[in-house]
């Protein structure tokens, strides 16, 4: 029995070592705070989906591995030092995720860039990828927020989102660069979830409610909203099965924030 326990312990250590060895970094030192002044929630929200779900890496990485990547990027990237993450692939070149600061750009000012070697057309990582086919994102850094370029505030975008459905305006107010509309998020959420809107709209309501509570650093309320979302998915007769990916992504985001808060 004692020998069996020793063997099991060694096996666990070996597997953990193998898991860690498939991820390597080219970066500078780790700091105790983010050197670009980005709030952890906005960093996680914007980068985890693009880095892991847009590239299918979520299918091969554990929550701990995804957290390790985000943690090293968040606490190592500086104005002078980028972070390059290398992830071994079963076939072909390593996956590359590069987090890089660019200052005072013409259109967005200071930005964070996430560049990958993932070909969005062939759905594989390649040594060289044409710019128009690669997953490449840039986000505006604005007073702690990280704002995707397509989420920048404009009156035209606000009007379009208001007319589109009951939840698009909520998403805009949560993640745009207009701080004056932040206080409108919770009342709009409460109204949506108390309404008789269709299940698909309520689904996004619970999704954004979870995001709202994560932004407030209330993990208990965020998890409760996620459970409501999952319950709705299970019981609804009108929401297509493909929307289960939303629950998967929301679960991953919550797990990342739990680890950042430990």
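Numbering (the numbering used here), first residue to last: 1118 to 1379. Using N, Cα and C, we set each Cβ at its ideal position, and we do this for glycine too.
For residue 1224, the closest of 1265, 1242 and 1207 by C-alpha to C-alpha distance is 1265. Under the three-state reduction of DSSP output, residue 1241 falls in the strand class.
Residue pairing by DSSP places residue 1259 opposite 1262 in a beta bridge. DSSP places residue 1360 in no beta strand (DSSP E); its state is neither H nor E. Separation of the CB atoms of residue 1322 and residue 1284 is rounded to 6 Å, and the pair is thereby assigned contact status at 8 Å.
The beta carbon of residue 1158 lies closer than 7 Å to those of 1331, 1332 and 1374 in the same chain, with the five residues before and after it left out. Under DSSP, residue 1226 takes part in a beta bridge, and its partners are 1222.
An exposed status is given to residue 1154, since fewer than 16 other beta-carbon atoms sit within 10 Å of its beta-carbon.
Residue 1318 and residue 1152 have their C-alpha atoms roughly 38 Å apart. DSSP places residue 1251 within a strand segment (E or B) once states are collapsed to three.
The alpha helix (DSSP H) runs lying completely inside the segment 1330–1355 and spanning 4 residues or more are 1336–1352, given in chain order. Residue 1311 sits in coil when the DSSP states are folded into three classes, being neither helix nor strand.
Relative to residue 1275, the option among 1295, 1261 and 1256 whose CA is nearest is 1295.
Burial check for residue 1328: the Cβ neighbour count within 10 Å reaches 16 or more, so the residue is buried. About 11 Å separates the Cβ atoms of residue 1186 and residue 1161, ruling out a contact at the 8 Å cut-off. Segment contact: the segment 1346–1357 against the segment 1169–1185, fewer than three CB-CB distances shorter than 8 Å; contact not assigned. The beta-carbon distance between residue 1363 and residue 1320, rounded to whole angstroms, is 7 Å. This is short enough to meet the 8 Å contact definition.
Taking a 10 Å sphere around the C-beta of residue 1147, we find fewer than 16 other C-beta atoms and assign the residue as exposed. In the structure shown, residue 1317 adopts helical secondary structure according to DSSP, grouped into three states. In the three-state reduction of the DSSP assignment, residue 1155 falls in the coil class. Just so you know, the alpha carbons of residue 1353 and residue 1316 end up roughly 7 Å apart.
It is roughly 11 Å from the alpha-carbon of residue 1301 to the alpha-carbon of residue 1308. Within its own chain, the residues whose Cβ lies closer than 6 Å to the Cβ of residue 1262, once the five positions on either side in sequence are excluded, are 1159, listed in chain order.
In this structure, DSSP gives residue 1172 a state outside helix and strand, which the three-state scheme calls coil. For residue 1141, the secondary structure class from DSSP, reduced to helix, strand or coil, is strand.
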